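Student: For what it's worth, my numbering labels the leading residue of the sequence shown as -14, then goes sequentially. No residue lacks a Cβ here, since even glycine has one placed at the ideal position from N, Cα and C. In this text, all values refer to a predicted model and were calculated from it rather than measured experimentally.
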Amino acid sequence: MKKHILLILTGGIAAYKCLEFIRRARDQDYHITCVTTAAAEKFITPLSLTAISGEPVYNDLFDRQAEADIGHIALARRADLIVVAPATADFLAKMAHGFADSLASAILLATEKPVLIAPAMNPSMWHHPATQDNLALLEKRGIYRIGPGMGAMAEAETGMGRMAEPLEILEAVNDLLTAQRAKDVLSFTHSLSEPLSSLDPPARAPIDAQQDVGEKTSLQGYRALVTSGPTREPIDPVRYLSNHSSGKQGHAIAAALAQRGAETLLVTGPVSLPDPPDVTVQKVETAEEMLAACQDALPRDIVVCAAAVADWRVAATHMQKLKKQESGTPPSLVLSENPDILKTISQMTEDRPSLVVGFAAETENVLQHAIAKRLRKGCDWLVANDVSPATGTFGGDRNEIHLLDGATIHSWPRMQKTDIADRLAEEIAQYFRAVSCLE
Ligand code: C5P
-14 MKKHILLILT GGIAAYKCLE FIRRARDQDY HITCVTTAAA EKFITPLSLT AISGEPVYND
46 LFDRQAEADI GHIALARRAD LIVVAPATAD FLAKMAHGFA DSLASAILLA TEKPVLIAPA
106 MNPSMWHHPA TQDNLALLEK RGIYRIGPGM GAMAEAETGM GRMAEPLEIL EAVNDLLTAQ
166 RAKDVLSFTH SLSEPLSSLD PPARAPIDAQ QDVGEKTSLQ GYRALVTSGP TREPIDPVRY
226 LSNHSSGKQG HAIAAALAQR GAETLLVTGP VSLPDPPDVT VQKVETAEEM LAACQDALPR
286 DIVVCAAAVA DWRVAATHMQ KLKKQESGTP PSLVLSENPD ILKTISQMTE DRPSLVVGFA
346 AETENVLQHA IAKRLRKGCD WLVANDVSPA TGTFGGDRNE IHLLDGATIH SWPRMQKTDI
406 ADRLAEEIAQ YFRAVSCLE
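Right, dumping it as structure tokens:
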């Protein structure tokens, strides 16, 4: 059955790009209904939207005819997904604060369907704390976001705020609807009280066939970079903040890529594992050192970020060991946020690696969070796993993952971390082989 997308256009110059989005989405058999705000119609006419979507355009909350025909609640309900593109700063503020003063905002207040926003605005408006606070509120409520990116703006400025391209928005739509389907399947399976591992993974025949005969696809000539292990953020010369990551998965991935002939650099935090064979290993301690080592190693064709990078570091590391106070008052630590290595590499505008793979360890709603994370970070593929204590994944040898490649979610059965690494490296090798066939 055709999936139904409700496209809400708000008042930005990028609205013109939505014609292309509609056309491409219809090519993929989506049904598109457009809703415009008054400001959107200053940039694009309902006539062109109707012509391209083949559907009436809705814009008036108090239009008696439209309310009699369909009504804003029904518009909100019949959609499988709502896309807001372009999403202006003003409209995001309205969404964040629950306004219902136009048909578009009333629909968003009435819907329980997934909502994807594609912000577009001037860089100063994007960076303004008001906009960032509104985005944080929306993110907390589970709204998905694609973009914006860096680029030239209509006002002859360059900066962050350019709306994602139509095909990128469509890719995010595909991702979200696939996740929705997967979630439905998972909850259906749960309701039958069957273990999740009984779900057949949607295996890719050619790769599985190759694995059966023990062949590995070559990555000769490609250069890979893998991050692994935890990072250690010093408090003083003898104490640090860190986490329990063992580095097993990242090290196994580096080994599997090198086995296929990729020139592989492993940038690793402190782990108690041997260096993988045929891999150049660079040992680092902190997130900042890890980022610097990765940046020094670029450009690369493949980057896999499997490290469990500490989210925060101590803002001012003490040069001498902190002493206990006579008064018994413990010291307070001020933390600052670490750089996000995966996001930094994924969002590079020059010499970006052809394939950037991230990891997402989640303890609930694994797929929903993973989809959002892939979009937020901007990586190409994302490997998501459930690390809730019951799964025994953390520190264990086995793992159960979902690979999100932008088009599909592949759920693999529980297997050894080394087998996951091998299969992931095989997927990567197959991807590059397919790309080289197209060139
Ligand atoms: O945001 P979160 O930590 O859940 O994201 C996980 C993914 O991001 C992993 O691929 C991890 O290696 C990467 N990451 C990173 N730098 C950070 C935080 C996470 O590269 N500071």
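(1) When every heavy atom of the ligand C5P is checked, does at least one fall within less than 6 Å of the C-beta of L(-6)?
(2) List in chain order: all unbroken alpha helix (DSSP H) runs of 4+ residues lying wholly within the region 366 to 424.
(3) Where do the ends of the beta strand (DSSP E) carrying H16 lie?
(4) For I58, report the span of its alpha helix (DSSP H) as first-last.
(5) How close, in whole Å, do the beta carbons of L389 and A355 come, if the pair is a contact with beta carbons under 8 Å?
(6) Quick one: any contact between the region 62 to 79 and the region 41 to 50, if contact means 3 or more CB pairs under 8 Å?
(7) Cβ of A61 within 7 Å of Cβ of I17?
(8) Is the distance from the Cβ of K201 to the Cβ of K402 below 7 Å?
(9) Pop quiz: R8 and I37 are said to be a contact at Cβ under 8 Å. What is the actual Cβ separation, rounded to whole angstroms?
(10) What are the boundary residues of the beta strand (DSSP E) that includes H(-11)?
(11) Using beta-carbon positions only, say whether A103 and I131 come within less than 7 Å of one another.
(12) Based on DSSP bridge pairs, tell me the residues matched to W297.
(13) Candidates H236, R359, K362, N384: which alpha carbon is nearest D371's?
(14) Would the region 235 to 248 count as touching the region 409 to 421 if we require 3 or more Cβ pairs under 8 Å?
(15) Helix, strand or coil for A70 per DSSP?
(16) Give a single yes or no on whether A419 has its beta carbon closer than 6 Å to a heavy atom of the ligand C5P.
(17) With a threshold of 6 Å, establish whether the CB of G343 neighbours any heavy atom of the ligand C5P.
(18) Which runs of the alpha helix (DSSP H) spanning at least 4 residues fall entirely within the region 228 to 295, listed in chain order?
(19) Keeping to the same chain, check which residues put their C-beta closer than 8 Å to that of G235; ignore five residues upstream and five downstream.
(20) When DSSP labels each residue in this structure, what does L88 get in the three-state scheme?
Tutor: In this structure, then:
(1) no
(2) 402 to 423
(3) Note, H16: beta strand (DSSP E), 16 to 21.
(4) Looking at the DSSP string, the run of the alpha helix (DSSP H) that includes I58 is 57 to 63.
(5) 6 Å
(6) no
(7) no
(8) no
(9) 6 Å
(10) -11 to -6
(11) yes
(12) E322
(13) Checking every option, the nearest Cα to that of D371 belongs to N384.
(14) yes
(15) strand
(16) no
(17) yes
(18) 233 to 244, 272 to 282
(19) V211, T212, S213, G214, L251, T253, V289, A291, A292
(20) Residue state, collapsed to three classes: helix.
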